[in-house]
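Under this note's numbering, the residues of the sequence shown are numbered 15 to 287, in order. For reference, the structure is listed below as structure tokens.
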Amino acid sequence: MRIFAIKDEAVNPDTILGYLVYYERAKSFYIELPESVDPWKTPLLLSSFAKRGQYSVDSYWSRLWVQQRIIPQDRQNIGQVLKENGLKGYDEFQLLMLTMGRCAQDDCYLEEVSKDQIPKLLAERWETKIEDIVPLAKARLLIFFRNGEVRIADMNELASAHPDCKPYFAQKERFNTVEVQPDGYGVFWSERAMIANRELYEKSVPIPLTLEDFIGFVQQRIVSTNEACQMLGCSRQNIDKLMKRGKLHPIRQDAKNKLFFKSEIKQRKRQLQ
15 MRIFAIKDEA VNPDTILGYL VYYERAKSFY IELPESVDPW KTPLLLSSFA
65 KRGQYSVDSY WSRLWVQQRI IPQDRQNIGQ VLKENGLKGY DEFQLLMLTM
115 GRCAQDDCYL EEVSKDQIPK LLAERWETKI EDIVPLAKAR LLIFFRNGEV
165 RIADMNELAS AHPDCKPYFA QKERFNTVEV QPDGYGVFWS ERAMIANREL
215 YEKSVPIPLT LEDFIGFVQQ RIVSTNEACQ MLGCSRQNID KLMKRGKLHP
265 IRQDAKNKLF FKSEIKQRKR QLQ
């Protein structure tokens, strides 16, 4: 992760308009705006976020801001430009670094900072990033936050504010494709269908559960096909036959493996004794 302060050459050099965060592996950009930022001094694309009090800018809009500051990929002589700058291919981050974010449309530029230099407010904001999620029935999410809290969010209550996400809420299979954004900035179903971690934190309900509790439940109460075979003293073919007869009910299955509740396997074992 690399962090850059967004500054403006036309104002006080100590004034920071925001922070651009870049994740090398995911090649994702995120922008964090200080809550004290003046929307009228914020770069145009980001000012609308500041005006409505949304200070964490998602990866889609953050990337758009970056793309406005670099040579477009469809430029006629892009191959020559890349060659002259020693680039083997089109890389948004490397192109951004060539000018440190400077462009003709404003006086903004980037200045790299260490993680220790970010304000305490941003560090506290990052405590509500998401560690993991579990899709639940009726378009709900069980969310594990970095600060240790576990909450349930009803996505139906957020549908009106996120029309791009709404189509994913109606069908279980599509809803279950949800993933966590890089470094827990939120959840997403597609590039445009995403919800920020802070909004999920504020719109969710806490429950008395920890990530350790959940992991313990999975480790102690869920068994694989191989473990089920060992417990029942049978082959995989027998497991498949029991499933077809409705005697076993996998809670998850794919082409290579199946997962079962240990309690159901134990119950079946007692029936066989």
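All C-beta atoms, glycine included, are put in the ideal place defined by N, C-alpha and C. Keep in mind it's a predicted model, so treat the numbers as computed, not measured.
For residue i, the nearest candidate out of the options (CA to CA)
| i | options | result |
| --- | --- | --- |
| residue 228 | 152, 61, 115 and 163 | 163 |
| residue 74 | 168, 169 and 204 | 204 |
| residue 132 | 79, 276, 269 and 18 | 18 |
| residue 237 | 218, 145, 197 and 280 | 280 |
| residue 106 | 40, 147 and 267 | 40 |
| residue 285 | 256, 272, 273 and 267 | 256 |
| residue 195 | 230, 145, 151 and 84 | 145 |
| residue 80 | 94, 112, 97 and 90 | 112 |
| residue 235 | 16, 72, 96 and 277 | 277 |
| residue 167 | 219, 134, 118 and 135 | 219 |
| residue 188 | 197, 76, 199 and 207 | 207 |
| residue 217 | 230, 200 and 283 | 200 |
| residue 233 | 259, 253 and 273 | 273 |
| residue 239 | 161, 190, 253 and 44 | 253 |
| residue 135 | 69, 119 and 267 | 69 |
| residue 116 | 28, 282 and 57 | 57 |
DSSP beta-bridge partners of residue i
| i | result |
| --- | --- |
| residue 268 | According to DSSP, which records beta bridges pairwise, residue 268 is partnered with nothing at all. |
| residue 122 | 22 |
| residue 200 | 210 |
| residue 274 | 237 |
| residue 70 | 46 |
| residue 33 | 19 and 46 |
| residue 164 | 158 |
| residue 219 | 166 |
| residue 127 | 17 |
Residue environment, residue i, which counts as buried when at least 16 other CB atoms sit within 10 Å
| i | result |
| --- | --- |
| residue 262 | buried |
| residue 224 | exposed |
| residue 270 | exposed |
| residue 51 | buried |
| residue 221 | exposed |
| residue 12 | Beyond the ends of the chain as shown, which are 15 and 287, falls residue 12; an answer cannot be given. |
| residue 265 | exposed |
| residue 72 | buried |
| residue 83 | buried |
| residue 202 | buried |
| residue 128 | exposed |
| residue 100 | exposed |
| residue 102 | exposed |
| residue 43 | buried |
| residue 165 | buried |
Where residue i falls: helix, strand or coil (DSSP)
| i | result |
| --- | --- |
| residue 155 | strand |
| residue 208 | strand |
| residue 61 | helix |
| residue 146 | strand |
| residue 40 | coil |
| residue 259 | coil |
| residue 230 | helix |
| residue 95 | helix |
| residue 141 | helix |
| residue 177 | coil |
| residue 192 | coil |
| residue 80 | helix |
| residue 224 | coil |
| residue 101 | coil |
| residue 56 | coil |
| residue 248 | coil |
- Can you find at least 3 beta carbon pairs, one from the region 206-214 and one from the region 133-143, that sit closer than 8 Å? Result yes; three or more Cβ-Cβ pairs closer than 8 Å.
- Message: So, does the region 177-192 touch the region 241-253, judging by three or more C-beta pairs under 8 Å?
- Response: Taking a cut-off of 8 Å for Cβ pairs, the region 177-192 and the region 241-253 do not touch, as fewer than three such pairs fall below it.
- Message: With three or more beta-carbon pairs closer than 8 Å as the criterion, would you say the region 107-124 touches the region 18-30?
- Response: Result yes; three or more Cβ-Cβ pairs closer than 8 Å.
- Task: Indicate whether the contact test is met: 3 or more Cβ pairs, each with one atom in the region 51-64 and one in the region 167-177, closer than 8 Å.
- Result: Contact fails: fewer than three Cβ-Cβ distances are below 8 Å.
- Would you call the region 145-157 and the region 57-67 in contact, with 3 or more CB pairs under 8 Å? They do not touch, by the three-pair rule.
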